[in-house]
Every structure is written in structure tokens, then in C-alpha cells.
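Residue numbers (the UniProt record's numbering): 1 to 475.
Just so you know, even glycine gets a beta-carbon here, dropped at the ideal spot from N, CA and C.
No experiment lies behind these values; they were computed from the predicted model shown.
Presented below is the structure to which this report refers.
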Amino acid sequence: MTFSLALAVPLFTWLSTLFAPAPAPAAPADPAWVKEAGAKSMPATKNSFSTAKYGAVGDGKTLNTQAIQKAIDAAAKKGGVVTFAPGQYLTGSIFLKKGVTLNLPKGVTLLGSQDIKDYPEMPSRIAGVEMTWPAALINVVDQENVAITGEGTVDGQGKPFWDKYWAMRKEYDPKGLRWIVDYDAKRPRTLLVSNSSNVTLKGITLQRAGFWTVHILYSKNVTADGLVIRNNIGGHGPSTDGIDIDSSTYVLVQNCDIDCNDDNFCLKAGRDWDGLRVNRPTEYIVIRDCVAGAGDGLFTCGSETSGGIRHVLARNLKAKGTKYGIRLKSATNRGGVVEDIIVEDIQMDAVRVPIIMTMNWNPAYSYSTLPAGYTEQTLPEHWKKMLAKVEPERGTPHFRNVRISNLRATGAGEAISAEGLAASLLENFQLDNISISGKKAGKIDFAQGWSIKGLEIKAEDEEPVAVLNSSGMKY
1 MTFSLALAVP LFTWLSTLFA PAPAPAAPAD PAWVKEAGAK SMPATKNSFS TAKYGAVGDG
61 KTLNTQAIQK AIDAAAKKGG VVTFAPGQYL TGSIFLKKGV TLNLPKGVTL LGSQDIKDYP
121 EMPSRIAGVE MTWPAALINV VDQENVAITG EGTVDGQGKP FWDKYWAMRK EYDPKGLRWI
181 VDYDAKRPRT LLVSNSSNVT LKGITLQRAG FWTVHILYSK NVTADGLVIR NNIGGHGPST
241 DGIDIDSSTY VLVQNCDIDC NDDNFCLKAG RDWDGLRVNR PTEYIVIRDC VAGAGDGLFT
301 CGSETSGGIR HVLARNLKAK GTKYGIRLKS ATNRGGVVED IIVEDIQMDA VRVPIIMTMN
361 WNPAYSYSTL PAGYTEQTLP EHWKKMLAKV EPERGTPHFR NVRISNLRAT GAGEAISAEG
421 LAASLLENFQ LDNISISGKK AGKIDFAQGW SIKGLEIKAE DEEPVAVLNS SGMKY
């Protein structure tokens with residue numbers, strides 16, 4: 001069935017009669033789990049351990065990896081704070097431990113080494129696939145009760161790694177290998193929290209990440225508060241996501257300001273066969289009082305959805321010049337369910353598409369086909385995982401039970417682009433009190449059971465939102 005929200009009525013009449021802005025509805029009480037999100041403890045700060053005592057030199061040239069690690073190890077024995085005198089400290093991968101706070105005061109910068117040898121390889125998960133990967137610049141792995149605080153800066157100095165990626169794209173793309181280049185171009189993340197709990201990240205600035213900036217993986221009760229992320233300094237940082245929450249639970253992100261070159265605030269849960277094998281959800285997530293500048297998505301779920309993404313509250317977010325706003329994305333070999341998502345009190349300016357959903361995202365990247373001339377038996381293990389076939393009943397993703405309310409957007413290219421699948425409709429979405437102005441209204445395709453109240457779209461082309469292949473729409 002194909003029809004238009006406006007039917008045969010002119011757009012201005014449709015808007016003024018059916019979809020005039022309504023007073024903001026009284027918000028329901030937050031789910032009980034919201035209070036449980038975030039770290040429950042902080043390390044003790046009685047003891048102080050100066051990195052200078054262990055040989056660290058803040059001249060921006062001396063490699064300080066061992067000296068900083070010695071200070072961390074000493075602090076771990078008694079619990080306490082690792083401190084720095086003002087300066088620039090060049091370092092490779094460092095590993096925080098239980099009971100330690102890494103404090104970076106104003107005037108202190110950690111400079112990431114530009115030599116990949118200074119980032120030892122370790123088991124991890126990257127873009128939804130478990131594989132061996134370089135350690136991050138700062139690592140919290142298999143730990144609890146850890147903090148990173150201060151007004152200082154962590155500079156990943158990522159440009160050599162960006163250049164490596166673009167060079168590999170030129171080589172891989174003509175061979176039909178776009179789907180694997182991100183995994184072969186091993187680039188260090190800036191900050192990794194993996195298989196850890198009660199971790200607090202507060203106040204620091206992170207910039208020029210070699211790859212993802214903050215990756216929260218397989219972890220529980222993590223707080224990211226007041227982080228500033230700047231990845232578009234001195235070049236175009238590819239895939240330099242801001243904060244990625246990956247198969248983790250009870251995570252609180254607040255008061256953060258992100259300008260990057262990919263997803264700003266992003267939830268992930270595994271990719272394709274390997275993600276379905278691991279089958280760990282991202283759930284009980286709060287993102288609030290945050291700002292996004294340049295980047296691909298203010299608030300994104302996916303595209304790695306295999307383990308499921310659910311029980312999410314995103315509130316009081318602002319975006320200016322971000323490519324997309326509220327974005328749900330997956331692919332037909334990824335599977336998983338995205339559900340129970342609440343997004344409210346959102347402001348956007350000059351965002352290309354404020355509301356966008358697709359289950360067939362970026363086919364050249366999402367679907368793996370081995371070109372002629374390769375023998376699968378001799379391929380690296382992560383190539384084999386990417387090529388493992390997923391049967392359609394497991395590979396079809398599902399988006400359902402999503403509420404978007406109190407949204408204002410100006411300067412959009414297209415107000416809404418929502419595309420389900422014939423085999424997987426966009427189910428039970430609720431749009432309340434939304435006002436968007438821009439060039440085009442957009443479309444809703446393959447949807448079921450939507451409730452739309454107080455929607456105002458001012459489109460320059462004066463065409464209404466087209467609703468296609470949908471049923472049970474209430475407005």
C-alpha cells in the first residue's frame with residue numbers, strides 16, 4: 001500500500017490542520033534502571049605518585065611509556081593518584097590498574113607515539129569483530145574501580161594512521177575489498193575500557209585519535225562526564241568516532257562535547273556472524289546534556305547491532321553541522337534487535353537528516369564478497385569471520401519501540417528518512433512534538449504501528465512526507 005501523510009491536501013493545509021505543533025506532553029517517569037547507570041565508586045586519592053619520580057620527562061620528545069607505567073604499577077599496590085608536572089609527555093600504550101586514578105591537570109598533554117610498534121597487539125573487538133589489534137594509548141582492561149580525571153589533554157597524534165588508512169583505501173577499493181580495509185588498517189584507539197567495571201572518565205580533552213577515541217567494550221557501570229573530543233585538527237581523521245559503547249551495560253555519558261569525523265555518540269553490539277556468536281547486548285545506557293559538532297551522527301545505534309541494543313535514554317542533546325541526527329542503522333546480515341529507545345529534548349541546526357533509519361546501510365562496507373584470486377583457506381582469521389555466511393532468519397535486523405519527542409531542527413536537507421524492510425518493518429515508533437524545517441520532508445517506508453502527534457515539517461519543496469508500504473499509522 002502506498003499513500004502520503006498529506007493525502008490530496010496541500011502541504012500548508014495538512015500542517016495547519018492535522019499536524020500543528022502540540023504542547024509538549026508530560027514526560028513519563030524515567031525507568032527505574034536510569035539511576036543505576038554509571039560508575040558506583042571512585043578510587044581513593046590519599047596517596048600520590050608523581051611520574052617524575054619514575055623518570056618521566058615532559059619535553060614532548062622523550063618516550064615515557066615505561067616511566068608512566070612504573071608510576072601506575074606503584075599506585076596499584078596501595079591505591080592512589082598518578083600525577084604529572086606540566087609538560088608534554090610522549091608515550092605508547094599504558095595500562096591502568098585497579099584502584100588507580102590517572103590525573104592529567106591543566107597544562108599536561110599526553111602525546112601518543114606515532115610508531116605503531118609502541119602499541120602492542122592484544123585480543124580485542126574492532127567494529128564488531130573479535131580479533132588481534134593494537135592496544136589503545138590508554139587502556140583499562142580487566143580492571144575495576146579506575147578513574148581518569150583532570151583538565152589536561154590526550155593527543156593521539158593520529159595523522160600518520162589516517163594517511164595509512166587512505167593509502168590502503170586506494171589499494172583495496174579497486175580490488176573489491178572495501179569491506180575489510182578498516183580491519184587490515186590497524187590503527188590505535190585513544191582510550192579503551194574493556195571488560196571492566198566502575199570506571200570514571202571525567203573532564204579531559206582528547207584529540208586527533210588514530211582510530212576510535214573512547215571505546216567502552218564488554219564493560220559495566222562506566223561514566224564519561226565532561227569529555228571534550230576534537231578529531232578534525234590538522235586533517236580529516238577517518239573513522240575517528242567520539243564515544244563508542246559496545247556490548248556494555250549501565251553506562252552514563254553526560255556533559256560531553258564531540259567534534260569528530262564519524263559517529264559522535266554511538267551504541268554498538270557486534271557485527272554479522274561473529275557478533276551473533278558473541279551475542280552480548282548494549283543495554284541500560286543514558287546519554288544526556290551533550291553537544292555534537294562535525295561528525296556523522298549525533299546519536300547512533302549501529303551499524304553493529306548483532307547482540308541487540310535496548311533500554312536507552314538519550315536526552316537534552318544538541319547538534320550543529322552534524323551530518324545526521326538520530327540514526328538507527330544496520331544491514332541484512334547483521335541481525336539483532338534495536339528496541340526500547342527513548343530520545344527526547346533534542347535541538348539541531350544544519351543537520352543533513354535529523355531522523356534517519358536504514359537496515360541496508362552502506363552495502364560496499366556491509367557485505368563481504370571474496371574477489372577472484374584469493375583462497376579462503378589461507379586468509380587471515382578476521383577475513384574468515386567477515387566472510388562467514390549468516391542465514392536470513394538470523395541476519396535480518398529489527399527496529400521497534402522507539403520514542404522520539406520534543407525535537408527542533410532547522411536547516412535540514414531532508415526531515416526524515418525511515419526505511420525498513422519488507423521482511424522487517426519499523427514497528428511501533430512514536431513521534432511527539434517535533435518541528436523540522438528544511439529542503440525536503442522525506443519518507444517513511446515499510447513501517448507499522450506508528451503514532452505521530454504534533455509533527456510540523458516545513459519543506460521548501462512543499463511536498464509532504466511520503467508514507468510507503470506501511471500500515472497501522474496513527475496521526
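TODO: Compare the C-alpha of G302 against each of L313, I287, L317, T282 and name the closest.
DONE: Stepping through the sequence shown from its first residue, residue 302 is reached at position 302. Cα-wise, what sits closest to G302 is T282.
Open item on the list: Could you compute how far the alpha carbon of S239 sits from the alpha carbon of R178?
Closed with: Position 239 of the sequence shown, counted from the start, is the residue given in the question as residue 239. Position 178 of the sequence shown, counted from the start, is the residue given in the question as residue 178. Approximately 14 Å, taken between the alpha carbons.
TODO: Could you work out which residue in K329, L317, S113, M131 is closest to V253 when comparing CA atoms only?
DONE: Residue mapping note: residue 253 aligns to position 253 of the sequence shown, counting from 1. Nearest C-alpha to V253: L317.
Open item on the list: For D289 and F429, what's the separation of their Cα atoms in angstroms?
Closed with: Here residue 289 corresponds to residue number 289 of the sequence shown, with the count starting at 1. Here residue 429 corresponds to residue number 429 of the sequence shown, with the count starting at 1. Roughly 23 Å separates the two Cα atoms.
- [ ] Taking all protein chains shown into account, decide if I233 is buried (16 or more other Cβ within 10 angstroms of its Cβ) or exposed.
- [x] Residue 233 sits at position 233 when you count from the first residue of the sequence shown. Burial check for I233: the Cβ neighbour count within 10 Å stays below 16, so the residue is exposed.
TODO: Determine the DSSP secondary structure at L276, reduced to helix, strand or coil.
DONE: Start at 1 with the first residue of the sequence shown, and residue 276 comes out as number 276. In this structure, L276 counts as helix in the three-state DSSP scheme.
Task: Sheet register partners of W133 (DSSP bridge) - done: Within the sequence shown, residue 133 is the residue found at index 133, counting from 1. Looking at the DSSP assignment, W133 forms a beta bridge with M122.
Task: Chain-order list of residues whose beta-carbon lies under 6 Å from that of H311 (same chain, five-residue window excluded) - done: Counting from 1 along the sequence shown, the entry for residue 311 is found at position 311. Result list for H311: E283, Y284, D340, in chain order.
Open item on the list: Taking the beta carbon of K329 as the centre, do at least 16 other beta carbons fall within 10 Å, making it buried, or is it exposed?
Closed with: For the purposes of this step, residue 329 is taken as the residue at position 329 of the sequence shown. By the neighbour-count rule (16 or more Cβ atoms within 10 Å), K329 is buried.
- [ ] Give the DSSP-derived three-state secondary structure of E393 in the structure shown.
- [x] In the sequence shown, residue 393 corresponds to position 393, counting from 1. The answer is helix: DSSP assigns E393 an H, G or I state.
Task: Sufficient close CB pairs (3 or more, under 8 Å) joining the segment 149-163 to the segment 109-122 - done: yes
Open item on the list: So, at 6 Å on beta carbons, what are the nonlocal neighbours of I258 in its own chain, with the 5 sequence-adjacent residues on each side left out?
Closed with: In the sequence shown, residue 258 corresponds to position 258, counting from 1. Correct list, in chain order: I229, G242, N264, A292.
- [ ] Tell me, please, whether the segment 345-362 touches the segment 56-70 by the rule of three or more beta-carbon pairs shorter than 8 Å.
- [x] no
Open item on the list: Are the CB atoms of V81 and T101 within a distance shorter than 8 Å?
Closed with: Within the sequence shown, residue 101 is the residue found at index 101, counting from 1. Within the sequence shown, residue 81 is the residue found at index 81, counting from 1. With contacts defined by Cβ atoms closer than 8 Å, T101 and V81 form a contacting pair.
Task: Segments assigned beta strand (DSSP E), at least 3 residues, entirely inside the segment 218-258 - done: 220-225, 228-230, 243-246, 249-254
Open item on the list: Which of the three DSSP states is assigned to P354 in this structure?
Closed with: As a first step, residue 354 is located in the sequence shown; it is residue number 354 there, counting from the start. Correct three-state label for P354: strand.
Open item on the list: In the DSSP assignment, the alpha helix (DSSP H) including V181 goes from what residue to what residue?
Closed with: As a working note, residue 181 is residue 181 in the sequence shown. Unbroken alpha helix (DSSP H) run through V181: 178-184.
Task: Sequence-distant residues of the same chain with beta carbon closer than 7 Å to G449, five excluded per side - done: The count along the sequence shown starts at 1 and reaches residue 449 at position 449. Short of 7 Å from the beta carbon of G449, and not among the five residues preceding or following it, lie these beta carbons of its own chain, in chain order: E427, N428, G472.
Open item on the list: I believe A269 touches I204 by the beta-carbon criterion, under 8 Å. Please report the beta-carbon distance rounded to the nearest angstrom.
Closed with: Along the sequence shown, read from residue 1 onward, the residue named residue 269 stands at position 269. Along the sequence shown, read from residue 1 onward, the residue named residue 204 stands at position 204. Contact flag wrong, Cβ pair sits at about 26 Å.
TODO: Within 10 angstroms of the Cβ of R334, are there 16 or more other Cβ atoms? Answer buried if so, exposed if not.
DONE: Mapped onto the sequence shown, residue 334 falls at position 334. Its Cβ being crowded by 16 or more others within 10 Å, R334 is buried.
TODO: Work out the CA separation of N221 and L201 for me, nearest whole Å.
DONE: The residue given as residue 201 occupies position 201 in the sequence shown. The residue given as residue 221 occupies position 221 in the sequence shown. Computed Cα separation, rounded: 12 Å.
- [ ] In the DSSP assignment, find the unbroken beta strand (DSSP E) run with T65 in it and report its ends.
- [x] Residue mapping note: residue 65 aligns to position 65 of the sequence shown, counting from 1. Segment 65-78 is the alpha helix (DSSP H) holding T65; no beta strand (DSSP E) there.
TODO: Could you tell me the distance, in whole angstroms, from the CA atom of P31 to the CA atom of I404?
DONE: The residue you call residue 31 lines up with position 31 of the sequence shown. The residue you call residue 404 lines up with position 404 of the sequence shown. One C-alpha to the other measures close to 16 Å.
Task: F211 (DSSP reduced to helix, strand or coil) - done: Counting from 1 along the sequence shown, the entry for residue 211 is found at position 211. Three-state result, F211: coil.
Open item on the list: Give me the DSSP bridge partner(s) of T410.
Closed with: Counting from one through the sequence shown, the residue named residue 410 turns up at place 410. According to DSSP, T410 bridges with D349.
Open item on the list: Extract the residue ranges of the beta strand (DSSP E) inside the segment 141-173, only unbroken runs of 3 or more that lie entirely within it.
Closed with: 144-149, 153-155
Task: Close Cβ partners of N401 (< 6 Å) along its chain, the five nearest in sequence each way excluded - done: As a first step, residue 401 must be located in the sequence shown, where it is residue number 401. Closer than 6 Å at the Cβ level, and outside the excluded window around N401, lie E339, D340, N428.
TODO: For T51, name the three-state secondary structure that DSSP assigns.
DONE: Position 51 of the sequence shown holds residue 51. Three-state DSSP puts T51 in a helix.
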